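In my numbering, the protein residues as written are 174 to 427. Glycine residues also receive a C-beta, built at the ideal position from the N, C-alpha and C atoms. Only a predicted model underlies this, so the values are computations on that prediction, with no experimental measurement involved. Worksheet for the structure shown next.
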Amino acid sequence: MSLNLNHILDQITTPVSFGKPNTRQVKKYFKIFINFNYIAGFIYAFYFFITTSRAENMFERRLWAFECWLILSFYGLFIYLFYLEKTALENQRGLYRFMHIQAFEIIDQPAKKVIAWFKSLEKNPSKYRFDTHQGVEVLEGSLLKQGSKFATREKFLFVTIGLSFKTIKVEENMFEFKVIEPKLIKKLGVRGKFEVLPVSDFQSRLDLIVYSRAKTFFTRIAVALLLYLSPIRVIVSRQLFKEIRFVKKQVESK
Numbered sequence: 174m175s176l177n178l179n180h181i182l183d184q185i186t187t188p189v190s191f192g193k194p195n196t197r198q199v200k201k202y203f204k205i206f207i208n209f210n211y212i213a214g215f216i217y218a219f220y221f222f223i224t225t226s227r228a229e230n231m232f233e234r235r236l237w238a239f240e241c242w243l244i245l246s247f248y249g250l251f252i253y254l255f256y257l258e259k260t261a262l263e264n265q266r267g268l269y270r271f272m273h274i275q276a277f278e279i280i281d282q283p284a285k286k287v288i289a290w291f292k293s294l295e296k297n298p299s300k301y302r303f304d305t306h307q308g309v310e311v312l313e314g315s316l317l318k319q320g321s322k323f324a325t326r327e328k329f330l331f332v333t334i335g336l337s338f339k340t341i342k343v344e345e346n347m348f349e350f351k352v353i354e355p356k357l358i359k360k361l362g363v364r365g366k367f368e369v370l371p372v373s374d375f376q377s378r379l380d381l382i383v384y385s386r387a388k389t390f391f392t393r394i395a396v397a398l399l400l401y402l403s404p405i406r407v408i409v410s411r412q413l414f415k416e417i418r419f420v421k422k423q424v425e426s427k
């Protein structure tokens, strides 16, 4: 009787399978690692730059300064390429997506119902309120009319900030405004826009976008560094998503 060794091994050996790697999870951890690596490297280089004696080790100090510049340059390039890839998947221009902070939700109601909910704020603006947003106060004019002014108090992490806005454009499915207070944010040309887009007869998409219309080259650089290349982007993005989800919940509950 012949002995089938392959058959015996198949019976006693348990196959080990690690499965296919989750691409999204791998990219997520890779992004976290790269961010941590760049930030830690910059802090390390910057520490030695400021602690190196200018009088005794000027050459070494310049090398640390060059390393700081190099790390920031590659970090900026990494962030840009990451958003370039993300926007290619979303069928948007990379630079457009990079210079905007955007949140959106699909709402299980037609566009006309979402628009009607926003119009109802004209009579009762204070109902636009949740845990990190203390409602809307109309300062001048009518809320959904061009040229009107309104104020909000919003909580970003542990800091509550009073913001004042001026309505600059109103259409049937779009409401655009700009920051007029605090003055520092006003100088950066920060604007925002709600837009309602129909998806089907029973669904719509609500977008909330924050962007900048800075007038000078140096102001645009400041906006890029403060708003788009810093943790502030994450903080603002989180608030935008809270607003969008609040509207979604309000509209779908009616």
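Report the residue from the options whose alpha carbon sits nearest the alpha carbon of residue i.
{"i": "Glu295", "options": "Pro283, Asp281, Gly314, Asp304", "result": "Gly314"}
{"i": "Ala213", "options": "Ala228, Phe277, Ile244, Trp237", "result": "Ile244"}
{"i": "Lys421", "options": "Pro283, Arg227, Tyr202", "result": "Pro283"}
{"i": "Gln428", "options": "Gln275, Phe375, Val287", "result": "Shown here, the chain extends from 174 to 427; a query on residue 428 therefore has no answer."}
{"i": "Thr418", "options": "Ala387, Leu379, Lys201, Ala397", "result": "At residue 418 the sequence reads Arg, which differs from the Thr that was named. Comparing Cα positions, the closest option is Leu379."}
{"i": "Leu399", "options": "Asp281, Val343, His273", "result": "His273"}
{"i": "Asp281", "options": "Asp374, Ala397, Val396", "result": "Asp374"}
Under 7 Å from any heavy atom of the ligand MN, does the C-beta of residue i make it?
{"i": "Phe219", "result": "In the structure on display, the ligand MN does not appear, and there are no ligands present to speak of."}
Going straight from the alpha carbon of residue i to that of residue j, what length do you get?
{"i": "Met347", "j": "Leu381", "result": "10 Å"}
{"i": "Thr333", "j": "Phe390", "result": "30 Å"}
{"i": "Leu330", "j": "Ser410", "result": "12 Å"}
{"i": "Pro404", "j": "Lys286", "result": "35 Å"}
{"i": "Lys318", "j": "Met231", "result": "60 Å"}
{"i": "Tyr217", "j": "Tyr211", "result": "10 Å"}
{"i": "Phe414", "j": "Gln198", "result": "21 Å"}
{"i": "Tyr401", "j": "Ser321", "result": "28 Å"}
{"i": "Ile408", "j": "Trp237", "result": "31 Å"}
{"i": "Tyr269", "j": "Leu357", "result": "Annotation note: pLDDT 47 at Tyr269 (below 50); position unreliable, coordinate value reported separately. Going from the Cα of Tyr269 to the Cα of Leu357 covers about 23 Å."}
{"i": "Lys292", "j": "Tyr248", "result": "43 Å"}
{"i": "Gln423", "j": "Phe239", "result": "52 Å"}
{"i": "Ser299", "j": "Glu345", "result": "22 Å"}
{"i": "Arg406", "j": "Lys201", "result": "17 Å"}
{"i": "Ile394", "j": "Lys388", "result": "11 Å"}
{"i": "Glu229", "j": "Val383", "result": "48 Å"}
{"i": "Phe222", "j": "Phe215", "result": "10 Å"}
{"i": "Ser246", "j": "Leu316", "result": "43 Å"}
{"i": "Ala397", "j": "Ile205", "result": "21 Å"}
{"i": "Arg227", "j": "Arg235", "result": "9 Å"}
{"i": "Phe203", "j": "Asn297", "result": "46 Å"}
{"i": "Trp290", "j": "Tyr301", "result": "10 Å"}
Are residue i and residue j touching if we call contact CB-CB under 8 Å?
{"i": "Glu233", "j": "Thr225", "result": "yes"}
{"i": "Glu416", "j": "His306", "result": "yes"}
{"i": "Phe251", "j": "Ile207", "result": "yes"}
{"i": "Gly362", "j": "Ser385", "result": "yes"}
{"i": "Lys360", "j": "Thr325", "result": "no"}
{"i": "Gln376", "j": "Ile288", "result": "no"}
{"i": "Phe209", "j": "Cys241", "result": "no"}
Please check the pair residue i and residue j, which I expect to be a contact at CB under 8 Å, by giving their CB distance rounded to whole angstroms.
{"i": "Ile341", "j": "Lys328", "result": "Rounded, the Cβ-Cβ distance is 25 Å, inconsistent with contact."}
{"i": "Phe303", "j": "Phe323", "result": "Actually they are not in contact, since the Cβ atoms of Phe303 and Phe323 sit about 17 Å apart, beyond 8 Å."}
{"i": "Glu354", "j": "Leu336", "result": "7 Å"}
Is residue i close to chain D, meaning its C-beta is less than 8 Å from at least one C-beta of that chain?
{"i": "Thr333", "result": "Absent from the structure: chain D. Only one protein chain is present."}
Inset, instruction - Would you be able to state if there are at least three C-beta pairs under 8 Å between the stretch 302-311 and the stretch 363-379? - result: The answer is no - the stretch 302-311 does not touch the stretch 363-379, with fewer than three Cβ pairs under 8 Å.
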